[in-house]
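Line by line, the protein sequences are chains Z and P.
All residue numbers for the first sequence refer to this note's numbering, where the first residue is 1 and numbers rise by one.
All residue numbers for the second sequence refer to this note's numbering, where the first residue is 351 and numbers rise by one.
A short write-up of the structure that comes next.
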Amino acid sequence: MKFVRHEAPYVAPVADVASMMRQVLFALVPAGLVHVWYFGPGFIFNLIVASIFCIAGEVIMMRIRGRSPAKALSDYSALVTAALLAFALPSLTPWWVTATGALFGIVVAKHLYGGLGFNVFNPAMAGYVVILVAFPMYLNVWVAPRMGDIDYQYLSFLQTLGYTLTGTLPDSATIDAISRATPLDAMKSGLNNMRTIAEIRALPLMGDFGGRGWEWIGNLTAVGGFWLLIRKIIRWHIPVGVGIGLLLPATIMYLVGPDSNPGPTFHLFGGATILCAFFIATDPVSAATSPKGRLIYGIGIGILIYAIRRWGAYADGVAFAVLLMNMAVPAIDYLTRPHIVGHDEQGQQP
Amino acid sequence: MDVPVPGQLVLPIGQHVGDPAQPIVGIGEYVLKGQLIAEVHGTLGAPVHASSSGKVVSIEPWPVARRFGEPAPCIVIECDGKDRPVELAEIAPAFDELPPDVLLQKILHGGIVGLGGAVFPTAQKLMQATTCDLDYLLLNGVECEPYISCDDVLMRERAAEVLGGAQILMHALSIDQCYIVVESDKPEALHRLAEVMAELDDERLVLKLVPTIYPSGGEDQLVQLVTNLEVPSAGLPTDIGCLVQNVGTAAAIYDWIHDQEPLISRVTTITGNGVAAPMNVRARIGTTVADVVNFVGGYTEHASQLIMGGPMTGKSVNTDRVPLVKATNCVLIMSETPSPGPEIACIRCGECAAVCPVQLLPQQLFWYACADDEKSLRSYGLTDCIECGCCDLVCPSHIPLTADFRKAKGRIRELADEKARAVRARQRFEARNERLERDKRQREQELARQKKHAKAAGPAAIAEILKRKQQQKEDED
Numbered sequence: 001m002k003f004v005r006h007e008a009p010y011v012a013p014v015a016d017v018a019s020m021m022r023q024v025l026f027a028l029v030p031a032g033l034v035h036v037w038y039f040g041p042g043f044i045f046n047l048i049v050a051s052i053f054c055i056a057g058e059v060i061m062m063r064i065r066g067r068s069p070a071k072a073l074s075d076y077s078a079l080v081t082a083a084l085l086a087f088a089l090p091s092l093t094p095w096w097v098t099a100t101g102a103l104f105g106i107v108v109a110k111h112l113y114g115g116l117g118f119n120v121f122n123p124a125m126a127g128y129v130v131i132l133v134a135f136p137m138y139l140n141v142w143v144a145p146r147m148g149d150i151d152y153q154y155l156s157f158l159q160t161l162g163y164t165l166t167g168t169l170p171d172s173a174t175i176d177a178i179s180r181a182t183p184l185d186a187m188k189s190g191l192n193n194m195r196t197i198a199e200i201r202a203l204p205l206m207g208d209f210g211g212r213g214w215e216w217i218g219n220l221t222a223v224g225g226f227w228l229l230i231r232k233i234i235r236w237h238i239p240v241g242v243g244i245g246l247l248l249p250a251t252i253m254y255l256v257g258p259d260s261n262p263g264p265t266f267h268l269f270g271g272a273t274i275l276c277a278f279f280i281a282t283d284p285v286s287a288a289t290s291p292k293g294r295l296i297y298g299i300g301i302g303i304l305i306y307a308i309r310r311w312g313a314y315a316d317g318v319a320f321a322v323l324l325m326n327m328a329v330p331a332i333d334y335l336t337r338p339h340i341v342g343h344d345e346q347g348q349q350p
Numbered sequence: 351m352d353v354p355v356p357g358q359l360v361l362p363i364g365q366h367v368g369d370p371a372q373p374i375v376g377i378g379e380y381v382l383k384g385q386l387i388a389e390v391h392g393t394l395g396a397p398v399h400a401s402s403s404g405k406v407v408s409i410e411p412w413p414v415a416r417r418f419g420e421p422a423p424c425i426v427i428e429c430d431g432k433d434r435p436v437e438l439a440e441i442a443p444a445f446d447e448l449p450p451d452v453l454l455q456k457i458l459h460g461g462i463v464g465l466g467g468a469v470f471p472t473a474q475k476l477m478q479a480t481t482c483d484l485d486y487l488l489l490n491g492v493e494c495e496p497y498i499s500c501d502d503v504l505m506r507e508r509a510a511e512v513l514g515g516a517q518i519l520m521h522a523l524s525i526d527q528c529y530i531v532v533e534s535d536k537p538e539a540l541h542r543l544a545e546v547m548a549e550l551d552d553e554r555l556v557l558k559l560v561p562t563i564y565p566s567g568g569e570d571q572l573v574q575l576v577t578n579l580e581v582p583s584a585g586l587p588t589d590i591g592c593l594v595q596n597v598g599t600a601a602a603i604y605d606w607i608h609d610q611e612p613l614i615s616r617v618t619t620i621t622g623n624g625v626a627a628p629m630n631v632r633a634r635i636g637t638t639v640a641d642v643v644n645f646v647g648g649y650t651e652h653a654s655q656l657i658m659g660g661p662m663t664g665k666s667v668n669t670d671r672v673p674l675v676k677a678t679n680c681v682l683i684m685s686e687t688p689s690p691g692p693e694i695a696c697i698r699c700g701e702c703a704a705v706c707p708v709q710l711l712p713q714q715l716f717w718y719a720c721a722d723d724e725k726s727l728r729s730y731g732l733t734d735c736i737e738c739g740c741c742d743l744v745c746p747s748h749i750p751l752t753a754d755f756r757k758a759k760g761r762i763r764e765l766a767d768e769k770a771r772a773v774r775a776r777q778r779f780e781a782r783n784e785r786l787e788r789d790k791r792q793r794e795q796e797l798a799r800q801k802k803h804a805k806a807a808g809p810a811a812i813a814e815i816l817k818r819k820q821q822q823k824e825d826e827d
């Protein structure tokens, strides 16, 4: 009898990149729904625009590189980039702003470096930073979260769509009437104006720990993150590292000066901390690879987020922190090589 | 279950690490069960014995379980079914009456090799071990790979022989402590071993339970698991005082020393969805897979791959004419492996590093293997890779890492050979130059000496020489 021949091992792999990416997308669904609940349908429009341009960028670049676009699209990584970018943007963002970030992320940060697996920088964060530099004014327009006791003008579904498509508000609304400072912005400007933490925390947009509404998005993001941990799509090292790096300085500073430094829970639930810890910093391609390296990478991101929030010009620092640590990855990987069994302490064969 | 004597036995002369044995029987010769038919030839090797009685019909290349599947020389015996054994010496002397070196010499003649799959000639392994300071004998009862259960069955059915073999080994090498390492999910084997140990009442024997995690059955991995010591890279367990022997090898040593039966049969797992009744069988070395499968009820419609060995490191062969050899711990016959989808770029997820038993960074090694960067491959420990295949299994990008590492290792070996050849060539060249230089110097010195001599002797001597020359010329004419 005749048989076919193969190379060992003869067991099919158990993991799959496309399935990993799909599960990351699923894990973001609860947070996305809460986002829509608090900030309106703008998030959906942003997600659609970002997805269209991420996919378009991927298809065009794969064509130019002479490869199969279908193969690249089937790994879902472009959609993960689109989703993370949509989460980073205010719900009211004109389409060309989103498109600029999406295209830069996919075309420059991803494909010009060689595509999935070769990109040094996190594409979503690179895209976001380009928007931050090119269109800073649009990133200031955050509508206030949907809360009964906050007095502000809501935009309807069509008005939101109109803003996304044209960048203009209906005649009945003005930017000032519909937008509010984000909790992190309020904290920064409040402190700059010599107000105490207690005064700032008493503002109606502040919640139990961070900002109202915001902290629920954070909670649901964490639920998705824990699900990824249980499914072993991500490992614990980076989220824990980010937590340590951010909360340790935050706690120390809070204990030293509770009037001028918000507490650690505010940092944890404020801004994009939780999204960063579970979804952004954990992008395997642009992160360190060894367990020890990942812990260091996460801690570095956490410290940088704190430093930027506390002393920098920006209210939040997730994108810069991630990109800066992306640059440190080769060094971290080199310095945290695990001990090879049977080698001596210098890592040499005895 | 014992497979009956087949109609034909195919015995490769190279069933072990080292030099193939040298056949000492002629075509047409009648051989008996247990008769030596090929003897050790070279510095490293093991003899081969006839597994049953019959007539040698040919010595020819035959398909065997090798990586590239080329045929290898085999002695083919047409069995007469009588299974007539060679005549034994009256009674074998008790092993503890023999001095260790005599015992080792005796083991050498039993054709015994490491039965865990590595098939290193046991006698040579033991002789090497005598040069080391040994603390422990580790009897490896951990199965090599998933699917394989031959060691489990052996321990259940032949616990006394396994432990008897351990006692012989301890005597031969003056070791005072033996751990019998068994996976914790083998209660029956543990129970049998414990029973026999109670009978033997030998306090040097200790049972050690380990969790069932592939690849704990690897020699270096087992040592680390049991003693918490790391076997040095490119070194041997004996370097840190441990001698590891498979339980099957121990039983084979017992059979040879105690019952004078050389290694002519072994327990093998026949499994996979391609066989009708998967089971462990005891078969004669040289029985073809076709005969064994016939014995266990034939193939099912799923039989499309034949793997000699386990699913992780076994060797895929294309015909069931291959014989069972000393290394064959498993014959896996199964359906086609489902395609995992196309290979894509590494996403640096690090899962491969998390599962690597040697703590290598397969994703880094993969980069360097693609770049053919020999220096980095070495410093990232490519040569420490045991090719267990774990990284392949967890890779979400479906990169055939193990196969790539095998190729990279081959290239490194080639480069090393080339370097060695270049060094030898240079040495030869330099030696030649030196020799030519020396000859030239000697000639010049000789010439100078003659000149000086002639000068000192003066014109008379010159006239004398000229005269002699003249004389010579006249004589020739």
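Ideal Cβ positions, reconstructed from N, Cα and C, are used throughout, including at glycine.
| For P:Ser534 versus P:Val560, is the C-beta distance shorter than 8 Å? | The criterion of a C-beta distance shorter than 8 Å is satisfied by P:Ser534 and P:Val560.
| task | Output the boundary residues of the beta strand (DSSP E) element that contains P:Tyr529. | result | For P:Tyr529, the enclosing beta strand (DSSP E) stretches over residues Cys528 to Glu533.
| What does Z:Ala281 reach in chain P if we use C-beta pairs closer than 7 Å? | Taking a Cβ-Cβ cut-off of 7 Å, Z:Ala281 has no neighbours in chain P, whose nearest Cβ is about 14 Å from it.
| task | Verify whether the separation of the beta carbon atoms of P:Glu428 and P:Lys405 is less than 8 Å. | result | Pairing P:Glu428 with P:Lys405 gives a Cβ-Cβ distance under 8 Å.
| Nearest neighbour of Z:Phe266, chosen from Z:Thr182, Z:Ala281, Z:His343 and Z:Pro239 [CA to CA] | Residue Z:Thr182 is the option with its Cα nearest to Z:Phe266.
| request: Check Z:Pro30 in the structure and name its three-state DSSP category. | output: In this structure, Z:Pro30 counts as helix in the three-state DSSP scheme.
| Integer Cβ distance of Z:Trp216 from Z:Val34, believed to fall under 8 Å | Under the criterion of beta carbons closer than 8 Å, Z:Trp216 and Z:Val34 qualify as touching, at roughly 5 Å.
| field | Contacts that Z:Glu7 makes with chain P (C-beta to C-beta distance below 7 Å) | value | Pro750 and Ala753, listed in chain order.
| request: Evaluate Z:Thr196 with the Cβ neighbour count: other Cβ atoms within 10 Å of its Cβ, from every protein chain shown; 16 or more gives buried, anything less gives exposed. | output: Burial call: exposed.
| task | Can you tell me which of Z:Tyr314, Z:Trp311, Z:Val285 and Z:Arg337 puts its alpha carbon nearest to the alpha carbon of Z:Met325? | result | For the residues Z:Tyr314, Z:Trp311, Z:Val285 and Z:Arg337, the minimum Cα distance to Z:Met325 belongs to Z:Val285.
| Would you report the Cα separation of Z:Val11 and P:Pro661, rounded to the nearest angstrom? | Going from the Cα of Z:Val11 to the Cα of P:Pro661 covers about 6 Å.
| field | Residue(s) in a DSSP beta bridge with Z:Ala385 | value | What is shown of chain Z runs 1 to 350, which leaves residue 385 of chain Z out entirely.
| How should Z:Leu335 be labelled, buried or exposed, when 16 other C-beta atoms within 10 angstroms of its C-beta is the threshold for buried? | Z:Leu335 comes out exposed.
| query | Where do the ends of the beta strand (DSSP E) carrying P:Glu428 lie? | reply | Taken as a continuous stretch (DSSP letters only), the beta strand (DSSP E) holding P:Glu428 covers Pro421 to Cys429.
| request: State the start and end residues of the unbroken alpha helix (DSSP H) segment that holds Z:Trp216. | output: Z:Trp216 -> alpha helix (DSSP H) spans Trp214 to Ile230.
| By the 10 Å Cβ neighbour count, where 16 or more other Cβ atoms means buried, how is Z:Lys110 classified, buried or exposed? | Buried, since its Cβ has 16 or more Cβ neighbours within 10 Å.
| field | Within-8 Å CB hit, Z:Gly241 to chain P | value | It does not: the Cβ of Z:Gly241 has no partner Cβ on chain P nearer than 8 Å.
| request: For the stretch 274-289 of chain Z and the stretch 235-252 of chain Z, state whether three or more C-beta atom pairs, one from each stretch, are separated by less than 8 Å. | output: Result yes; three or more Cβ-Cβ pairs closer than 8 Å.
| Bridge partners of P:His399, per DSSP? | Answer by DSSP bridge pairing, in chain order: P:Leu386.
| Does the beta carbon of Z:Lys71 sit closer than 8 Å to a beta carbon anywhere in chain P? | The Cβ of Z:Lys71 sits closer than 8 Å to at least one Cβ of chain P.
| task | Answer yes or no: do Z:Leu85 and Z:Gly127 have a C-beta to C-beta separation smaller than 8 Å? | result | A contact, by the Cβ cut-off of 8 Å.
| said: Strictly under 8 Å for the Cβ-Cβ distance: is Z:Thr336 near chain P by that measure? | reply: Between Z:Thr336 and chain P, the shortest Cβ-Cβ separation is not below 8 Å.
| message | How far does the beta strand (DSSP E) with P:Met658 in it extend, from its first residue to its last? | response | For P:Met658, the enclosing beta strand (DSSP E) starts and ends at Gln655 to Met658.
| If the cut is a Cβ gap below 7 Å, which residues of chain P does Z:Ala12 touch? | By Cβ distance, chain P contributes Thr687, Pro688 and Pro690.
| message | Would you say Z:Ile340 lies against chain P (beta-carbon separation less than 8 Å)? | response | It does: the Cβ of Z:Ile340 has a partner Cβ on chain P nearer than 8 Å.
| Residue interval of the beta strand (DSSP E) (run including Z:Met147) | Run containing Z:Met147: none; DSSP gives neither H nor E here.
| query | For chain Z, is any of its Cβ atoms less than 8 Å away from the one on P:Glu493? | reply | Not an interface residue.
| query | From this set, Z:Ala134, Z:Leu255 and Z:Glu58, which residue's C-alpha is nearest Z:Tyr113's C-alpha? | reply | Among Z:Ala134, Z:Leu255 and Z:Glu58, the Cα nearest to that of Z:Tyr113 is on Z:Glu58.
| Along the chain, where does the alpha helix (DSSP H) that runs through P:Trp717 open and close? | First-last of the alpha helix (DSSP H) with P:Trp717: Pro712 to Ala721.
| field | Cross-chain neighbours of P:Tyr649 in chain Z, by beta carbon under 8 Å | value | Ordered by position in chain Z, the residues that pass the 8 Å Cβ test against P:Tyr649 are Met1.
| query | Below 8 Å, can you find three or more Cβ-Cβ pairs linking the stretch 483-501 of chain P to the stretch 674-687 of chain P? | reply | They touch, by the three-pair rule.
| What in chain P is Cβ-close to Z:Pro363, meaning under 8 Å? | What the structure shows of chain Z is the stretch from 1 to 350, and residue 363 of chain Z is not part of that stretch, so it cannot be assessed.
| Extent of the continuous alpha helix (DSSP H) to which P:Met547 belongs | For P:Met547, the uninterrupted alpha helix (DSSP H) run begins and ends at Pro537 to Leu550, by DSSP.
| Cβ contact check for the stretch 517-524 of chain P and the stretch 581-588 of chain P: 3 or more pairs under 8 Å | As far as the Cβ criterion goes, the stretch 517-524 of chain P does not touch the stretch 581-588 of chain P, which means the pair count is below three.
| query | Of the residues Z:Ser91, Z:Glu7, Z:Ile60 and Z:Ile230, which one's Cα is nearest the Cα of Z:Val107? | reply | Per the Cα distances, Z:Ile60.
| message | Just checking: is the beta-carbon of Z:Ala15 within a distance shorter than 8 Å of some beta-carbon in chain P? | response | For Z:Ala15, the nearest beta carbon of chain P is closer than 8 Å to its own beta carbon.
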